[in-house]
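15 is the number that the working numbering gives to position 35 of the sequence shown; each next residue is one higher, with no gaps.
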Amino acid sequence: MDAIIDQQTGLLAKKNDVQDLAGLMKLLSLDSELRQTLGFNAYERTQEYFSSEIITAAWLQFYKKALVQ
């Protein structure tokens, strides 16, 4: 599962493209509404999929399966 969903929870720059990264950074610096929306969406996604409780439960399930095999 990806932590960042492009245009929803963050912005993904093209690999090894400094100009693309700089452009996205400039966009974020100039657009407070976009920053707020991406930040809120990222927080919500983190709470839904990456909270310590969820990650701990996933690891416990993984180890239980590993021990059974």
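Glycine residues also receive a C-beta, built at the ideal position from the N, C-alpha and C atoms.
Extent of the continuous alpha helix (DSSP H) to which residue i belongs
| i | result |
| --- | --- |
| Asp0 | -2 to 10 |
| Phe42 | 32 to 48 |
Identified DSSP bridge partners for residue i
| i | result |
| --- | --- |
| Asp(-14) | Gly(-10) |
Residue burial classification, residue i (beta-carbon count within 10 angstroms, cutoff 16)
| i | result |
| --- | --- |
| Thr(-11) | buried |
| Leu18 | buried |
(message) For the pair the segment 29 to 49 and the segment -8 to 10, tell me if three or more CB-CB distances fall below 8 Å.
(response) No, the segment 29 to 49 is not in contact with the segment -8 to 10.
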